[in-house]
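**Q** Below you will find the structure I want to go over with you.
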Amino acid sequence: LEFAYNSLAPREQKLISQLSAFRSPLTWDALAAIFTTEGTEKEKNLTTKNTKDTKKNKNKISSAPSAVRFDFANEEELARAVMDLSERGLYQRDEKANTYDLHPVIRRYCYDRLSDKTATHARFVMYFEKIETPRKISSLADLQPTIELYHHTVRAGRYTEAEVLFFDRLHNPLYYQLGAYQNIIELLRALFPQGNESLPPLDTDDKKAFTLNSLANSYSLSGQPRRAVPVFEQAYLLAEKMGNKKNLAIGLVNVADDQLKIGELAAAERNQRRSIEICREIKEEFYEADGHREFGRVLAYRGEFAEAEKELNVAFEIFGKQNVVQSQSVVSAYRALRALLMGNASAALDAAHKAREFAEEWERTTHRNERDFIRAEWLIGAALVAGSRGEAFAQAHSKSKTPGSIPITLPDNYTLANASPLQRAEHHLQEALARDRAINLVESEAEILLELARLRKSQAMTMDDGRKTENGSVVGQPSAVALMQESFNFANEALEIAERCEYRLQQAEIQNFLAEWHWQMADSRWQIAESGKQKAESRDELLAQARAHAERARECARCDGPPHYYKVAYERAEKLLKQIDAGTR
2 LEFAYNSLAP
12 REQKLISQLS
22 AFRSPLTWDA
32 LAAIFTTEGT
42 EKEKNLTTKN
52 TKDTKKNKNK
62 ISSAPSAVRF
72 DFANEEELAR
82 AVMDLSERGL
92 YQRDEKANTY
102 DLHPVIRRYC
112 YDRLSDKTAT
122 HARFVMYFEK
132 IETPRKISSL
142 ADLQPTIELY
152 HHTVRAGRYT
162 EAEVLFFDRL
172 HNPLYYQLGA
182 YQNIIELLRA
192 LFPQGNESLP
202 PLDTDDKKAF
212 TLNSLANSYS
222 LSGQPRRAVP
232 VFEQAYLLAE
242 KMGNKKNLAI
252 GLVNVADDQL
262 KIGELAAAER
272 NQRRSIEICR
282 EIKEEFYEAD
292 GHREFGRVLA
302 YRGEFAEAEK
312 ELNVAFEIFG
322 KQNVVQSQSV
332 VSAYRALRAL
342 LMGNASAALD
352 AAHKAREFAE
362 EWERTTHRNE
372 RDFIRAEWLI
382 GAALVAGSRG
392 EAFAQAHSKS
402 KTPGSIPITL
412 PDNYTLANAS
422 PLQRAEHHLQ
432 EALARDRAIN
442 LVESEAEILL
452 ELARLRKSQA
462 MTMDDGRKTE
472 NGSVVGQPSA
482 VALMQESFNF
492 ANEALEIAER
502 CEYRLQQAEI
512 QNFLAEWHWQ
522 MADSRWQIAE
532 SGKQKAESRD
542 ELLAQARAHA
552 ERARECARCD
562 GPPHYYKVAY
572 ERAEKLLKQI
582 DAGTR
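Just so we're aligned: the sequence shown equals residues 2 to 586 in my numbering.
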């Protein structure tokens, strides 16, 4: 690479170093407009016109004249230079997209040799600021010119202007429409030239706090809670320094949410209690309700069900008085979660349906919040799976005359009205998973996959023996063994996500499920090897794996140790270990 670069003529060395300053591929029209005298003359005329418009728009980025010069009089000269770089393998053309770009290694090498970086980026700002952001955003490609403008504004050292640009034109489509949390992280981290440990060099503390919260939220939603926590802490400490008690209270609840995910229950409870106290002091009733709601969820995980109910009731009453239907949906979802942890599937189902009704009302009256629909669909499915084994539950919640298993391929006359609980669970869980993946909501994906694993296991366990063929399968449907294998696959996929994201409470649930799965597979009736398949594992091997999963579940559920632990999962792991040791089910 060094030899190839040094063998270039000085003008081409300068060109490729300037090209390395771009973040994304360029079209030929953009290259010609930026790098030729003809193009820059046209641009100068447009810039003169836009200068008048800039005075009318305070949020328009101010473009100072740049001393950077480009050495090509016209497109023919530039084309020869670009062709030479391409033939040397230094500058690549994507013929399908009709764009030009550098390999990342070449980009870094050439950028290191760009002598006037700040002035070069300032010059590129002048080109990209003339390109308007489309009103309708359907993909990341629609935002690329604006992202490029942001990139050059940051690299020009104009951090405050870049922050204004980001929140005016990029944040909402990236966050709410595209779920592009990793892109947000990449863009916002550029505002921290000294690293995430230092505050961004912005002109007001409010902008610093807003940037910190946005970065932390994106870490959280992209499945990086351990990275979110210290950034949220920076944000609420800044709010405390500013004397902004409202933002301090909000920040404490925000950080507690991610502390809960990684099993730091004591810290989460401490921050939620403090937030509630501050809100009472400053008479911020809405954010006090937020604190009660989130504290109620922590108490439910701790097994303090009566106290959890009190906290959730306080929150629900305040949100109802203020007619904040979206928040009532979240409280209803937490009530469903509490009921599931208590083993009350009917109450969980009623609360989950209520959560969805509130989400629909909020969509009709205000706007759609996709996370509320995902949460409600998941909990409806979870409640149906949890209750499917109970006869009274099945009679109360199903009009179907078909007991037990459900077909994976649903019959022609299938409707939710005549479906069994497991059929309805399939519908709701698949809906939740599709919606979740459409917006990259990592924090919910593993929970949904775990419920699909439980669903498949329930289907396998309830297959009607009278409808089996000689090889153990239902005519036209998967066998019980195949369903158990699919259950295992779903659980493993969920575990991979939970471990990657360090979701400690989710890890405890999944590990308990896998312990139960291996323990049940150790039963000889599941050891029927299907034709052409490898011989099943021995009973001792399966029990050993069951023990390993149960021990890991207990470790994850312990969190900070009693009373700040995931009580239901911890006690389930303890019970499983005793049963495994006894060799009985």
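Yeah, the Cβ is synthetic: ideal placement off N, Cα and C, and Gly gets one too.
Please report the straight-line C-alpha distance between W29 and N214, rounded to a whole angstrom.
**A** Here residue 29 corresponds to residue number 28 of the sequence shown, with the count starting at 1. Here residue 214 corresponds to residue number 213 of the sequence shown, with the count starting at 1. Approximately 39 Å between the Cα atoms of the pair.
**Q** Determine the direct distance from the alpha carbon of P231 to that of L249, and round the result to whole angstroms.
**A** Residue 249 sits at position 248 when you count from the first residue of the sequence shown. Residue 231 sits at position 230 when you count from the first residue of the sequence shown. C-alpha separation (whole angstroms): 15 Å.
**Q** Identify the residues that DSSP records as bridge partners of F73: which are they?
**A** Within the sequence shown, numbered from 1, the residue matching residue 73 stands at position 72. Answer is T37.
**Q** If Y110 and Y6 are in contact, beta carbons under 8 Å, what's the gap, nearest whole angstrom?
**A** As a working mapping, residue 110 is identified with position 109 in the sequence shown. As a working mapping, residue 6 is identified with position 5 in the sequence shown. About 7 Å; that satisfies the 8 Å criterion.
**Q** Which residues bound the beta strand (DSSP E) around R109?
**A** Position 108 of the sequence shown, counted from the start, is the residue given in the question as residue 109. Segment 105-113 is the alpha helix (DSSP H) holding R109; no beta strand (DSSP E) there.
**Q** Determine the DSSP secondary structure at D291, reduced to helix, strand or coil.
**A** One-based indexing of the sequence shown puts residue 291 at position 290. It is helical.
**Q** Can you give me the C-alpha to C-alpha distance between I353 and L450, rounded to a whole angstrom?
**A** Taking the first residue of the sequence shown as position 1, residue 353 is located at position 352. Taking the first residue of the sequence shown as position 1, residue 450 is located at position 449. Contrary to the premise, residue 353 reads as Ala rather than Ile in this sequence. Distance between the alpha carbons of A353 and L450 is about 18 Å.
**Q** Please list, in chain order, all residues of the same chain as G584 whose beta carbon is under 7 Å from its beta carbon, the five residues on each side excluded.
**A** On the sequence shown, position 583 is the one that residue 584 refers to. So the list is empty, once near-sequence residues are dropped.
**Q** Could you please give me the residues that DSSP links to Q183 through a beta bridge?
**A** Walking along the sequence shown from the start, residue 183 turns up at place 182. DSSP, once it has assigned bridges, lists no residue as partnering Q183.
**Q** To the nearest angstrom, how far is it from the Cα of D206 to the Cα of H368?
**A** Start at 1 with the first residue of the sequence shown, and residue 206 comes out as number 205. Start at 1 with the first residue of the sequence shown, and residue 368 comes out as number 367. Distance between the alpha carbons of D206 and H368 is about 30 Å.
**Q** Could you check the C-alpha separation between Y92 and G264 for me, to the nearest Å?
**A** For the purposes of this step, residue 92 is taken as residue 91 along the sequence shown, with counting starting at 1. For the purposes of this step, residue 264 is taken as residue 263 along the sequence shown, with counting starting at 1. Whole-angstrom Cα-Cα distance: 48 Å.
**Q** Taking the C-alpha atoms as reference points, what is the distance between M522 and Q431?
**A** Start at 1 with the first residue of the sequence shown, and residue 522 comes out as number 521. Start at 1 with the first residue of the sequence shown, and residue 431 comes out as number 430. Roughly 26 Å separates the two Cα atoms.
**Q** Taking C-beta to C-beta, are L189 and L216 nearer than 8 Å?
**A** One-based indexing of the sequence shown puts residue 189 at position 188. One-based indexing of the sequence shown puts residue 216 at position 215. Their beta carbons are under 8 Å apart, which means L189 touches L216 by this criterion.
**Q** Mapping the DSSP letters down to three states, classify T121 as helix, strand or coil.
**A** Working through the sequence shown from its first residue, we reach residue 121 at position 120. Here T121 sits in helix by DSSP.
**Q** Would V106 be called buried (16 or more neighbouring beta carbons within 10 Å of its own) or exposed?
**A** Your numbering for residue 106 matches position 105 in the sequence shown. Exposed, by the Cβ-count rule.
**Q** Taking DSSP as the reference, what is the three-state secondary structure of Y176?
**A** Within the sequence shown, the letter at position 175 stands for residue 176. In the structure shown, Y176 sits in a helix (DSSP, three-state: H, G or I).
**Q** DSSP state of D437, grouped into three classes?
**A** Position 436 of the sequence shown, counting from 1, holds the residue named residue 437. Three-state DSSP puts D437 in a helix.
**Q** By the 10 Å Cβ neighbour count, where 16 or more other Cβ atoms means buried, how is T366 classified, buried or exposed?
**A** The sequence position of residue 366 within the sequence shown is 365, counting from 1. T366 is exposed by the Cβ-count criterion.
**Q** Would you list the one or two residues that DSSP bridges to T161?
**A** Looking up residue 161 in the sequence shown gives position 160. DSSP, once it has assigned bridges, lists no residue as partnering T161.
**Q** Going by the beta-carbon positions, is the gap between R498 and E452 smaller than 8 Å?
**A** Along the sequence shown, one-based indexing puts residue 498 at 497. Along the sequence shown, one-based indexing puts residue 452 at 451. First, the residue type needs correcting, since residue 498 is Ile and not Arg in the sequence shown. No, the pair does not count as a contact, with Cβ atoms beyond the cut-off.
**Q** Out of L338, E444, R136, P479, which one is the CA nearest neighbour of E503?
**A** Numbered from 1 along the sequence shown, position 502 holds the residue referred to as residue 503. Per the Cα distances, E444.
**Q** Among I185, Y112, M127, E88, which residue has its Cα nearest to the Cα of L141?
**A** Within the sequence shown, the letter at position 140 stands for residue 141. Looking at the Cα atoms, I185 is the closest of the given residues.
**Q** Return the CA-CA distance between N314 and G297, expressed in angstroms with no decimal places.
**A** For the purposes of this step, residue 314 is taken as the residue at position 313 of the sequence shown. For the purposes of this step, residue 297 is taken as the residue at position 296 of the sequence shown. Those two C-alpha atoms are separated by around 9 Å.
**Q** Indicate whether Y237 and L253 have their beta-carbon atoms separated by less than 8 Å.
**A** To locate residue 237, count along the sequence shown from 1; it is residue 236. To locate residue 253, count along the sequence shown from 1; it is residue 252. A contact, by the Cβ cut-off of 8 Å.
**Q** Can you tell me where the beta strand (DSSP E) with D95 in it begins and where it stops?
**A** Position 94 of the sequence shown, counting from 1, holds the residue named residue 95. Looking at the DSSP string, the run of the beta strand (DSSP E) that includes D95 is 93-95.
**Q** Please identify the residue among L115, R336, E305 whose C-alpha is closest to the C-alpha of A316.
**A** Translated into positions along the sequence shown, residue 316 becomes position 315. With distances taken between Cα atoms, A316 lies closest to R336.
**Q** What does the Cβ neighbour count give for D204, buried or exposed, with the cut at 16 atoms within 10 Å?
**A** Within the sequence shown, numbered from 1, the residue matching residue 204 stands at position 203. D204 comes out exposed.
**Q** Just reading off the beta strand (DSSP E) that Y101 is part of, what are its end residues?
**A** Translated into positions along the sequence shown, residue 101 becomes position 100. 100-102 is the span of the beta strand (DSSP E), which, as asked, contains Y101.
**Q** CB-CB under 6 Å to L434, same chain, minus the five flanking residues each way: which ones, in chain order?
**A** The residue you call residue 434 lines up with position 433 of the sequence shown. Same-chain partners within the cutoff: I449.
**Q** If you follow the alpha helix (DSSP H) that K247 is in, where does it begin and where does it stop?
**A** Taking the first residue of the sequence shown as position 1, residue 247 is located at position 246. Its alpha helix (DSSP H) spans residues 246-262.
**Q** Tell me, please, which residues DSSP counts as bridged to L515.
**A** The count along the sequence shown starts at 1 and reaches residue 515 at position 514. Answer is none; L515 lacks a bridge partner.
**Q** Within 10 angstroms of the Cβ of L144, are there 16 or more other Cβ atoms? Answer buried if so, exposed if not.
**A** The count along the sequence shown starts at 1 and reaches residue 144 at position 143. With 16 or more Cβ atoms within 10 Å of its Cβ, L144 is classed as buried.
**Q** Please classify K1: is it buried, with 16 or more other beta-carbons within 10 angstroms of its beta-carbon, or exposed?
**A** The displayed coordinates of the chain run from 2 to 586. Any statement about residue 1 would go beyond what the structure contains.
**Q** State the DSSP-derived secondary structure class of K579, mapped to helix, strand or coil.
**A** For the purposes of this step, residue 579 is identified with residue 578 of the sequence shown, where counting begins at 1. Helix at K579.
**Q** In chain order, which alpha helix (DSSP H) runs of at least 4 residues are fully inside the region 316-375?
**A** With a minimum length of 4 residues, the continuous alpha helix (DSSP H) runs that stay inside the region 316-375 are 326-343, 346-366.
**Q** Going along the chain, which residues of its own chain have a beta-carbon closer than 7 Å to the beta-carbon of A210, five neighbours each way excluded?
**A** For the purposes of this step, residue 210 is identified with residue 209 of the sequence shown, where counting begins at 1. Contacts found: A236, L239, A240, N248.
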